[in-house]
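Respectively, the protein sequence lines represent chains Y and Z.
Take the first sequence: its letters are residues 4 to 244, numbered as in the working numbering.
Take the second sequence: its letters are residues 4 to 244, numbered as in the working numbering.
Don't be surprised by glycine CBs; every beta carbon is placed ideally from N, CA and C.
Written below as structure tokens is the structure these notes are about.
There are 2 protein chains.
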Amino acid sequence: MNRLRPFIRTLERRDRLSPDELALLSSAQLRVQGFRRGQEIVRAKTQPGESRLMVQGISGREMVTAEGKRQISALHVAGDFVDLHSFVLKRMDHAVVALTEVTAIFVPHAEIRRIIDASPHLGRLFWLMTTIDGAIQRAWIACLGRSTAMQHMAHLFCELWTRMEIVGLVSGHSFPFRLTQAELADVVGLSAVHVNRTLQELRGLGVVDWNGEQVEIIDFDRLVALGDFDKTYLNLTQEPR
Amino acid sequence: MNRLRPFIRTLERRDRLSPDELALLSSAQLRVQGFRRGQEIVRAKTQPGESRLMVQGISGREMVTAEGKRQISALHVAGDFVDLHSFVLKRMDHAVVALTEVTAIFVPHAEIRRIIDASPHLGRLFWLMTTIDGAIQRAWIACLGRSTAMQHMAHLFCELWTRMEIVGLVSGHSFPFRLTQAELADVVGLSAVHVNRTLQELRGLGVVDWNGEQVEIIDFDRLVALGDFDKTYLNLTQEPR
DNA sequence: GCTGGGGATTTACCTATGTTAGTGGATGGC
DNA sequence: GCCATCCACTAACATAGGTAAATCCCCAGC
């Protein structure tokens, strides 16, 4: 399946896939669906019967506090499952919303079950993808807890570039990022005003620029240093798993 | 195995286990090891050949920034695997340190492999435990990003009580928590001074008390309200997975 | 060409939390 | 009994980041 291409690329950066495994993946019964900006891809507290795989656009896990504040606890790009964990977790503890126009594939849990029963190795790779998800969350926790606004945003831009590169979404040191500053604020746990201030500072330093459409990394080395970014946690090495 | 009791309780709160599955788990080749306060249970960047399961004490995932600041991104109590994800991830993106005296079981990855090959259902339950781990991390992200010191600490105490209750570590509304305030500060991403201030505030409100040994929840309902705590994310329902 | 709306940006002010530098109490080694 | 530690706690001050309310800018619709 053409639509599975990005997902297969994320897998192949972590392990080798046999022709049989590729065929097995391609045999899955899928439904494609589009979402508009702001639309919910998965509702919180529901018990989904399928997991959704991003094909295009950016979505995020959304959690809303009692006071109505929003925190986005993950961003998803093409090739990412937004809720593969719902396969074992059964019940969503968060929502997933489209932050841009999004195209997603719906993979029934029955299909996932069929695939992992037929190939325990693919089963472990599915498991792997949820644990990489966890590793990313740990990195975000460290950023939220122990770094300044600038360091945090620098780290985030490094991470996004690296993840987008895997699925061929970057061109040079730029990648598409069509969110509003207020949305980015909900990602990094800051106010929109402070995100604005910090972006100007980063721009002023000549490190990154972002016009609301594209993030352009001007000085990658300095961005990495600023964000204390070490991509180890993304597990981008082909190993038998 | 007696030592596996807490782990089996965490599993049984999420799904039913057959006698065969219990026997399979008990058949695992294990090594028990003790750790002193402050000792590393797993080193960062290593490629462990086994995963460690907590039997006693409290440990935490530790990440250190370039400036030497420390963030603890997870706490583990009896029954929790500290690094089950290393089974598929292969390389640690963080360390795990003993925050109290700790007893842990070392489970070779070969044994985990043997168990999940023999029982795909147990395999899914192992997978489940890593995704619950992820759900907890999401809750922490929301706390770090969008709540005040008091709300965050209230949430943490609710979570810890709930998790300890599963494995029989609570007595009434109290549970053992022998960390220093500075260590707690690294958990909630605050300074030790502010943790101290906030604890006094919580004490003053008559909601929780903590003398460095035991956390005593005085008014559980208010603590839950303060922390906006909803235990759904801990997935404490027995369901076929 | 006018209008309305959604963002980006700015300004002024506010506050939660951090930092530094203590004090004092408990504990353990010798 | 003295000393060194470690840790809770305090106090005074500093600051990163939040809040509220404008203003500006762009663009779509008419």
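Look at the segment 127-149 of chain Y: the residues with a C-beta under 7 Å from a C-beta of chain Z are Arg127, Trp130, Leu131, Thr133, Thr134, Asp136, Gly137, Ala138, Gln140, Arg141, Trp143, Ile144, Ala145, Leu147, Gly148 and Arg149. In the displayed model, His112 (chain Z) falls within a helix according to three-state DSSP. Looking from the CA of Glu219 (chain Z), the closest CA among Z:Arg200, Z:Phe232, Z:Arg181 and Z:Asp18 belongs to Z:Arg181.
When Cβ-Cβ separations below 7 Å define contact, His88 (chain Y) makes contact with chain Z. Relative to the Cα of Val35 (chain Y), the nearest Cα in the group Y:Thr49, Y:Ala26 and Y:Met57 belongs to Y:Met57. At least one CB atom of chain Z sits nearer than 7 Å to the CB of Asp96 (chain Y). Closest option to His79 (chain Z), judged by alpha-carbon separation, among Z:Val190, Z:Asp233, Z:Ser194 and Z:Gln217: Z:Val190. Across the structure, Gly37 (chain Z) and Ser62 (chain Z) are spaced so that their CA atoms are roughly 12 Å apart.
Each of Y:Lys48, Y:Asp136 and Y:Val211 was checked against the Cα of Phe84 (chain Y), and the nearest Cα belongs to Y:Asp136. Taking the Cα positions, Pro243 (chain Y) is about 13 Å away from Ser89 (chain Z). Here Asp212 (chain Y) carries a strand assignment [DSSP, helix/strand/coil].
DSSP places His176 (chain Z) outside any alpha helix (DSSP H), giving it a letter other than H or E. For Val170 (chain Z), there is no enclosing beta strand (DSSP E), as DSSP marks it with neither H nor E. For the alpha helix (DSSP H) assignment, the uninterrupted runs of no fewer than 4 residues enclosed by the segment 42-120 of chain Z are, from N- to C-terminal side, 89-92. Measuring C-alpha to C-alpha distances from Arg55 (chain Y) to each of Y:Val99, Y:Met66 and Y:Lys48 identifies Y:Val99 as the nearest. Excluding the 5 residues flanking it on each side, Ile44 (chain Z) has same chain C-beta neighbours closer than 7 Å at Phe38, Arg55, Ser62, Val85, Val99, Val100, Ala101, Val105 and Ala107, in chain order. Exclusion of the five residues before and after Arg94 (chain Z) leaves Lys48, Thr49 and Gln50 as the residues of its chain whose Cβ lies within less than 8 Å of its Cβ. In summary, the residues of the segment 97-120 of chain Y whose CB is separated from some CB of chain Z by less than 8 Å are His97, Ile119 and Asp120, in the order they occur in the chain. In this structure Tyr236 (chain Z) is in contact with Ala138 (chain Z), their Cβ atoms being roughly 4 Å apart against a cut-off of 8 Å.
For Leu239 (chain Z), the closest C-alpha among the options Z:Glu162, Z:Leu27, Z:Arg8 and Z:Gln154 is that of Z:Glu162. Pairwise C-beta distances place the segment 198-205 of chain Y in contact with the segment 145-164 of chain Y, as three or more of them are shorter than 8 Å. Counting along the chain, no alpha helix (DSSP H) covers Phe180 (chain Y), and no H or E run does either. In this chain, the alpha helix (DSSP H) harbouring Gly230 (chain Z) covers Phe223 to Gly230. Interface residue (Cβ-Cβ distance to chain Y less than 7 Å): Glu242 (chain Z) is classified as such.
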